[in-house]
Each structure stands twice: as C-alpha cells, then as structure tokens.
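Asker:
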Amino acid sequence: MKAVTFQGIKDVKVKDVPDPEIRASDDVLVRITSTAICGSDLHLVHGFVPNFHKDYIIGHEPMGVVEEVGPEVRNLKKGDRVVVPFNIACGQCWFCTHELESQCDNSNEHGDAGAYFGYSETYGGYPGGQAELLRVPYGNFTPFKVPENCELEDEKLLFLSDIIPTAYWGVDNAGVKPGDTVIVLGCGPVGLLAQKFALLKGAKRVIAVDYIGYRLNHARTVNKVEVFDFTSIHDPGMHLKEITGGGADVVIDCVGMDGKMTVVEVIESALKLQGGAMGAIVLAAQCVRKGGTVQMVGVYGARYNQFPLGDFFARNITLKMGQAPVIHYIPELYKKIVDGVFDPTDIITHRLPLEQAEYGYSVFDEKEDGCIKVVLKP
Ligand code: NAD
Ligand code: ZN
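Here the sequence shown is numbered in this note's numbering, starting from 6 and rising by one per residue.
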C-alpha cells in the first residue's frame with residue numbers, strides 16, 4: 006500500500022510499504038477514505054517528538070471503511086464506515102473508564118503515556134493513518150461506527166478523529182461558562198474550532214490571536230470573533246490584559262511548539278525565555294486574569310527550563326493540559342454535526358490525493374496558499 010512516511014526533518018515521502026494485517030483477535034483493518042494533516046504532525050516532521058524514526062508512517066486523523074475484522078470484534082463488519090480517533094484505547098482500564106482514554110494503561114508498551122496512531126515509539130509505536138490501510142487495535146472500543154443511516158460526506162465527520170473533540174475538550178476542560186471572556190491563542194484548525202465551541206458554551210467575548218493575516222481573517226469573518234495580531238504591538242500581553250479589563254477568564258493555547266524554529270533554537274529559547282517554543286505560554290501567563298484558567302491544548306514535547314511558573318503561582322492561575330481524551334466526546338459531537346449545531350468543514354482549504362502529501366505538508370507548514378487544513382484522499 007501507499008503511505009506517508011517520515012524521512013527526516015521537514016522531509017516526508019509517500020512510499021510503498023507492506024500492508025498491515027490483523028494481529029490481535031479484536032483488531033480491525035480499515036481502508037482509509039479520508040485522512041487529515043494535523044498541527045501535531047508538524048511537530049513530528051520538525052523533529053520535536055522523540056523516538057520517531059525514518060520510514061515511520063505518519064497520521065492520526067483518518068476515517069474509512071472496514072475491510073476485515075478479528076474474530077472477537079462484536080459490533081463491526083466489513084463495509085461499515087468508521088471514524089478512527091487518534092487515541093488508541095482498550096476501554097477496560099481505570100483511565101478508559103474515567104473519560105481519560107488518551108492515557109489508556111494497556112495500549113502503550115513503550116512508556117507511561119497513552120498511545121496514538123503515527124506518533125512515535127514514545128506514544129506506543131503504532132503506524133499512522135495517512136495510508137491506504139490502517140490496523141486499528143481494540144476494535145470494540147477505539148473506532149466510532151458511523152450510523153448506517155448517516156448520509157453525511159467524510160468531510161463533515163473526519164475531524165471527529167481529533168480536532169473537533171480536542172477543541173471541544175479544551176473548552177470544556179477549561180470550564181468555559183456563559184458570560185466568560187475567552188482568549189484563544191492560535192487560529193489554526195484547532196484554535197478556529199475552539200473559538201466556535203467557546204461561543205457555543207456561552208462565552209460573551211472571544212478574542213482570537215495569531216499573526217497570520219488570512220487565518221485571523223477567517224476567525225473574524227467566519228467565526229465572527231474579535232481578532233488580534235500579536236506582532237502588531239510591542240507588548241501584546243499587556244494590550245490583551247488592558248482590553249479585557251485585567252485579563253481573560255480563560256486562555257486556551259492552541260499553538261504548541263513553534264515550527265519556525267530549529268530543535269536547537271527551541272532548546273536555546275526555552276533556556277533564555279525569549280518566547281519562541283514557549284511563546285504562547287508566556288503570552289497566556291500575561292493575558293489571563295488573576296484566578297483564571299490557562300488550558301494548553303497545543304503540544305509540548307520536552308522539559309522546559311524557565312517556564313513562567315512563578316507568574317502562574319503569584320496570580321493563582323489554574324493550569325490544565327494534556328493529550329485530549331477524545332473517544333467519549335465523539336457521540337455527542339457527532340449528534341451536534343448531524344443537527345447542524347456547527348459546521349466543521351469551513352477550515353478545509355486543500356483536498357489532495359494521498360500521493361500529493363508532500364505538497365500538503367509544505368503548504369500547511371509554511372502557511373502558504375491560504376492553507377488552514379489539508380485533507381488527503383487515499
Ligand atoms: P497550526 O500550526 O495550524 O496552528 C497554530 C497557529 O498558531 C498558527 O496559525 C500560528 O501562526 C499560530 N501561532 C504561533 N505562535 C503563536 C503565538 N505565540 N500566539 C498565538 N498564535 C500563534 O496547528 P493546529 O493544527 O491548529 O494545532 C494547534 C496545536 O494543537 C498544535 O500544537 C497541535 O499539536 C495541538 N494539538 C493538540 C492535541 C491534544 O490532544 N492536546 C490534539 C490536536 C492538536
Ligand atoms: Zn491531530
């Protein structure tokens with residue numbers, strides 16, 4: 006089969022690789038029909054995630070049609086349509102039964118974290134879903150079966166694999182409530198969805214922050230939120246604090262590690278506290294109100310010296326973060342899509358055959374050609 010593989014920093018290639026096979030009795034083999042590129046994939050191709058090696062298959066936002074099931078799979082059969090969430094989870098352990106599927110205790114034999122498709126040995130070592138076929142473990146729990154009467158096209162459902170529940174969890178976990186002022190750092194796919202969900206939760210004011218004009222424009226015109234270019238002013242943190250009368254109730258970091266830097270620069274900037282890899286966190290520390298909450302959805306992959314811990318401590322800030330537990334959110338968010346409560350498709354700017362993944366990575370990474378979200382079609 007064809008699959009998107011990591012070859013080196015900023016180097017992905019579509020290669021012919023062996024087809025995956027059913028290995029455990031509850032495995033499901035899925036023929037992928039749509040699969041997206043995520044900001045998290047950029048961290049991998051920038052070399053920011055450890056234990057990721059050459060020829061590794063990338064991708065954790067796929068959906069498709071069941072090709073084959075193991076003998077112990079109960080509710081799926083060949084031909085069923087499924088969304089495959091990025092969390093690989095057993096459904097049985099303490100974490101899976103306490104809405105923390107991203108920390109499943111059984112799926113990762115390599116480390117004390119959960120497991121995700123295409124996200125390095127650290128996160129379980131499972132091949133990813135930017136491929137023609139994907140082996141999905143724990144077929145009785147991990148995949149979401151699209152109801153048979155559903156006529157929605159892939160694009161409406163695909164992001165249930167990650168960024169829809171991730172953005173929703175970010176807002177939910179931060180405790181956004183009616184009347185809140187919410188600052189969303191980042192107007193990538195995750196930030197744009199988080200802005201929508203903050204409004205749905207009743208936030209009275211949502212301020213979207215980025216520096217890429219066309220993305221800010223999307224936030225302003227499509228999500229109809231206030232926008233702020235953090236490079237337009239010398240002290241953006243102070244400005245945001247002023248216009249919110251002391252800071253936002255909730256700040257949601259939808260940025261993570263900054264791909265414009267090399268690994269060496271990330272480490273250096275972390276040591277010197279010059280923004281950079283931690284730019285969003287430093288900004289968040291400045292523009293949250295006393296006693297407010299900073300929710301980190303953006304991914305961080307290292308230990309950071311000079312983390313602004315004292316700033317958070319002095320002002321009684323609650324910090325929340327982590328890999329989103331997406332599985333338990335999918336049914337309710339599926340229903341919201343079916344009911345037309347929100348539309349996740351406005352962020353899709355590029356639809357490409359799998360063979361053109363290299364181009365997709367390039368425009369998504371460089372923020373060129375108006376790119377917000379790339380969907381690959383194997
Ligand atoms: P993206 O790269 O498309 O978007 C990031 C945006 O942040 C860009 O538009 C960039 O210009 C902007 N930005 C950069 N520095 C900034 C700053 N200091 N302040 C404000 N904006 C800034 O990525 P995405 O697909 O939207 O993903 C966003 C983040 O969410 C990534 O770190 C990704 O890894 C993470 N993510 C986390 C989870 C999870 O489970 N926690 C799941 C999915 C994605
Ligand atoms: Zn993702």
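Cβ atoms here follow ideal geometry from the backbone N, Cα and C, with glycine treated the same way.
Note that the structure is predicted; figures quoted are calculated from it, not measured.
Quick check on DSSP: helix, strand or coil for Glu77?
Answerer: Here Glu77 sits in coil by DSSP.
Asker: With DSSP as the reference, label Ala329 as helix, strand or coil.
Answerer: Three-state DSSP puts Ala329 in coil, outside helix and strand.
Asker: Would you mind stating whether Met243 and Asp159 have Cβ atoms separated by less than 8 angstroms?
Answerer: Going by C-beta atoms, Met243 is not nearer than 8 angstroms to Asp159.
Asker: If you run the structure through DSSP and keep just helix, strand and coil, what is Leu278?
Answerer: For Leu278, the predicted structure reports a pLDDT of 41, less than 50, and the residue's modelled location is therefore unreliable. The matter cannot be settled from this model.
Asker: So, at 6 angstroms on beta carbons, what are the nonlocal neighbours of Pro349 in its own chain, with the 5 sequence-adjacent residues on each side left out?
Answerer: Excluding residues within five positions, the ones whose Cβ falls inside 6 angstroms are Phe164, Ile169.
Asker: Could you tell me the alpha carbon to alpha carbon distance between Lys206 and Pro183, rounded to whole angstroms?
Answerer: Approximately 6 angstroms, taken between the alpha carbons.
Asker: Hey, Ile37 and Leu138: beta-carbon distance below 8 angstroms or not?
Answerer: The answer is yes: Cβ separation under 8 angstroms.
Asker: Which residue from Asn178, Ile248, Leu314, Thr186 puts its Cα closest to that of Met326?
Answerer: The shortest Cα separation from Met326 among Asn178, Ile248, Leu314, Thr186 belongs to Asn178.
Asker: Going by DSSP, which residues form a beta bridge with Thr40?
Answerer: Note: Thr40 sits in a beta bridge opposite Pro67, Leu381.
Asker: Under DSSP, the beta strand (DSSP E) around Asp258 begins and ends at which residues?
Answerer: That run of the beta strand (DSSP E) goes 253-258.
Asker: Hey, would you say the C-beta of Thr171 is under 7 angstroms away from at least one heavy atom of ligand 1?
Answerer: Checking every heavy atom of ligand 1 against the Cβ of Thr171, one is found closer than 7 angstroms.
Asker: Helix, strand or coil: which one does DSSP assign to Asp167?
Answerer: Looking at Asp167 - three-state DSSP - the assignment turns out to be coil, as it is neither helix nor strand.
Asker: On the DSSP bridge assignment, give the partners of His355 in chain order.
Answerer: Paired residue(s): Val379.
Asker: Please confirm whether any heavy atom of ligand 2 lies closer than 7 angstroms to the CB of His65.
Answerer: The answer is yes for His65.
Asker: Quick check on DSSP: helix, strand or coil for Met6?
Answerer: The answer is coil: DSSP assigns Met6 none of H, G, I, E or B.
Asker: Could you give the residue range of the alpha helix (DSSP H) that holds Leu314?
Answerer: Residues 314-319.
Asker: According to the Cβ coordinates, are Glu66 and Lys83 closer than 8 angstroms?
Answerer: No. Outside cutoff.
Asker: Who pairs with Leu324 in a beta bridge, going by DSSP?
Answerer: According to DSSP, which records beta bridges pairwise, Leu324 is partnered with Val299.
Asker: Which residue wins for smallest C-alpha separation from Asn92, given the options Gln328, Pro358, Leu288?
Answerer: Nearest of Gln328, Pro358, Leu288 to Asn92, Cα basis: Gln328.
Asker: How far does the beta strand (DSSP E) with Leu157 in it extend, from its first residue to its last?
Answerer: Per DSSP, Leu157 belongs to no beta strand (DSSP E) and is neither H nor E.
Asker: If you draw a straight line from the alpha carbon of Val293 to that of Gly251, how long is it in whole angstroms?
Answerer: Spanning the two alpha carbons is a distance of roughly 8 angstroms.
Asker: Note down the Cα distance separating Arg320 from Gly297, rounded to an integer number of angstroms.
Answerer: Cα to Cα, Arg320 sits roughly 8 angstroms from Gly297.
Asker: With a threshold of 7 angstroms, establish whether the CB of Gln328 neighbours any heavy atom of ligand 1.
Answerer: Because some heavy atom of ligand 1 lies under 7 angstroms away, the Cβ of Gln328 counts as near it: yes.
Asker: Less than 8 angstroms between C-beta atoms, sequence neighbours within five positions excluded: which residues of the same chain meet that for Val343?
Answerer: Cys155, Leu157.
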